[in-house]
Amino acid sequence: MRKRVKTMVTSLFEDSMMLDQQNVATSADGVPVIRRVVGDGMADTVHSKSFAFLGCEDSFGYGPIDHTAAMFLDLICMAAQSTQPNDLWTISIHIYNAKEQEYPSDETTWKDFSGIILPGSISSAHEENVPWIDKLKTVIQGIIVRYRIPTLGMCFGHQILAQSFYPNGKVVKLIYRGDENKPSNEMTDTPCPHRISSSRAGRVSLRASDSGQNLLGKPLFDFYATHGDHVEQLPPTAVSLGGDDDVPIQAAVYYATVKQAQQAHNHPHLGTPTPFAVTFQSHLEYATSRDFGLHRTLETLMDQMENRGDITLGHKLAAQHDAREKYPQVERDSIEAMVMAGRVLGWFPSK
1 MRKRVKTMVT SLFEDSMMLD QQNVATSADG VPVIRRVVGD GMADTVHSKS
51 FAFLGCEDSF GYGPIDHTAA MFLDLICMAA QSTQPNDLWT ISIHIYNAKE
101 QEYPSDETTW KDFSGIILPG SISSAHEENV PWIDKLKTVI QGIIVRYRIP
151 TLGMCFGHQI LAQSFYPNGK VVKLIYRGDE NKPSNEMTDT PCPHRISSSR
201 AGRVSLRASD SGQNLLGKPL FDFYATHGDH VEQLPPTAVS LGGDDDVPIQ
251 AAVYYATVKQ AQQAHNHPHL GTPTPFAVTF QSHLEYATSR DFGLHRTLET
301 LMDQMENRGD ITLGHKLAAQ HDAREKYPQV ERDSIEAMVM AGRVLGWFPS
351 K
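For the sequence shown, my numbering begins at 1 and goes up steadily by one.
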């Protein structure tokens with residue numbers, strides 16, 4: 001597991017003591033747990049959140065699973081601190097290996113978590129007769145959807161939640177409709193050298209729908225992405241938050257009923273119901289650090305995609321250069337989106 005150098009006190013003032021501590025432990029039922037304490041150690045307000053992380057990739061690149069979980073821990077902590085920087089936060093992630101069909105032992109344990117994290121994978125959500133994927137879809141419908149447990153999904157997580165509703169939700173291979181000679185996106189100056197393949201890697205832009213602007217707070221976001229599939233169709237209980245020409249559904253929210261989803265879609269500014277899941281096709285966790293998110297993870301995955309023939313060398317180099325150049329903007333947008341998603345899911349205080 002990736003080790004963090006513990007800093008007991010990052011700054012000390014007369015009325016505050018800023019902490020950033022991380023430890024690794026094992027729960028009573030033998031589940032690995034990573035825990036981080038951040039914020040003001042002398043704060044009057046203390047927040048404690050725990051999450052079930054359903055790891056879906058154990059191979060080097062996006063994985064191993066503990067590496068991926070650590071990126072999500074960073075993402076949630078960064079977002080939490082940005083909402084209430086003068087409070088104290090304790091964030092715990094319990095790591096389950098979904099590929100080994102490891103899950104919380106009973107309904108009470110599921111419900112005790114603040115939320116569920118469905119991360120990425122190099123597997124395809126629409127694969128059939130794959131035992132661990134079939135089991136995960138059953139768990140999603142039988143636990144997450146049934147009990148409306150607050151859930152965050154990224155990339156494969158975004159896709160597998162939609163696919164679990166099949167045939168009402170559907171994931172398919174990505175086929176670009178864009179012009180391969182187009183130099184950039186006119187709105188965002190996003191480079192398009194990787195547009196001609198059936199896989200996408202690098203910086204992408206999400207143009208928010210009306211519902212997206214209402215929930216995410218602004219009309220345009222830049223994120224990092226690596227994927228070869230996309231959600232073609234959402235179930236009727238879900239609403240798209242926006243996308244682009246190549247991937248129209250880059251983010252979505254899920255509601256308890258079709259009526260709630262229709263209300264959120266048709267009247268996004270009139271006090272919409274609270275969704276139980278927020279998902280993104282992109283990887284907000286890639287933007288948590290240049291070392292572990294950008295270089296170790298995103299660029300490693302781009303190398304692997306080029307080696308498999310998913311993208312060309314020229315496409316990879318151009319996308320990597322752009323990802324480095326635009327890192328500050330992507331980091332800001334990723335944290336902002338995580339803040340808004342966390343508020344929607346009840347993990348962070350509202351404004």
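Idealized CB from N, CA, C, for every residue including glycine.
Range covered by the alpha helix (DSSP H) that runs through residue i
i, result
"GLU336", "327 to 344"
"TRP132", "131 to 139"
"ASP222", "No alpha helix (DSSP H) holds ASP222; the beta strand (DSSP E) holding it covers 220 to 227."
"ARG308", "300 to 308"
"ILE160", "156 to 163"
"VAL258", "258 to 266"
"SER211", "210 to 216"
"LYS111", "107 to 112"
Rounded C-alpha distance that separates residue i from residue j
i, j, result
"GLY212", "ASP245", "16 Å"
"ASN97", "THR108", "19 Å"
"GLY346", "GLY314", "43 Å"
"LYS326", "VAL258", "39 Å"
"PRO191", "ILE95", "In this predicted model, PRO191 has a pLDDT of only 48, less than 50, meaning its place in the structure is not dependable; the value taken from the coordinates is given anyway. So the alpha carbons of these two residues sit roughly 36 Å apart."
"PRO349", "ILE311", "41 Å"
"GLU306", "MET154", "22 Å"
"PRO273", "ARG343", "13 Å"
"THR279", "ALA252", "5 Å"
"ASP134", "MET17", "47 Å"
"VAL31", "ASP40", "28 Å"
"GLN320", "GLU285", "17 Å"
"GLN262", "THR237", "8 Å"
"ILE249", "LYS218", "17 Å"
"GLY242", "ASP58", "30 Å"
Assigned exposure category for residue i - 16 Cβ within 10 Å defines buried
i, result
"PHE276", "buried"
"HIS339", "The identity of residue 339 in the sequence shown is Val, whereas the question assumes His. Flag for VAL339 reads buried."
"GLN101", "exposed"
"SER105", "exposed"
"TYR62", "buried"
"GLY178", "With a pLDDT of 42 at GLY178, under the threshold of 50, the predicted position of this residue should be treated as unreliable, though the coordinate-derived value follows. That one is exposed."
"LYS351", "exposed"
"ILE175", "exposed"
"ARG36", "buried"
"GLN141", "exposed"
"ASP29", "exposed"
Residue from the options whose Cα sits closest to the Cα of residue i
i, options, result
"MET42", "LEU88, GLY61, PRO119 and ILE65", "LEU88"
"GLN81", "THR272, ASP20 and LYS135", "ASP20"
"ALA70", "ALA79, PRO85, SER59 and PHE53", "PHE53"
"GLY157", "ILE144, PRO167 and ASP40", "ILE144"
"ASP112", "THR300, ILE93 and ARG296", "ILE93"
"ASP44", "ALA208, PRO85, SER59 and GLU57", "PRO85"
"SER334", "HIS283, PRO268, LYS218 and LEU294", "HIS283"
"HIS269", "VAL231, ASN214 and ILE122", "ASN214"
"PHE223", "ASP210, LEU294 and ILE116", "LEU294"
Proximity test, Cβ basis, 8 Å: residue i and chain D
i, result
"HIS283", "In the structure shown, chain D cannot be found, because there is only a single protein chain."
Proximity test, residue i beta-carbon vs the ligand SAM heavy atom, cut-off 7 Å
i, result
"PRO167", "In the structure on display, the ligand SAM does not appear, and there are no ligands present to speak of."
Limits of the beta strand (DSSP E) - the one that residue i falls within
i, result
"LEU75", "Note, LEU75: premise wrong, no beta strand (DSSP E); alpha helix (DSSP H) at 65 to 83."
"GLY293", "GLY293 -> no beta strand (DSSP E), and no H or E assigned at all."
"SER240", "238 to 243"
"TRP347", "Looking at the DSSP string, TRP347 is not in any beta strand (DSSP E), and its letter there is neither H nor E."
Flag this pair as touching only if the stretch 155 to 165 and the stretch 125 to 133 have three or more C-beta atom pairs under 8 Å; answer yes or no. Short answer: they touch.
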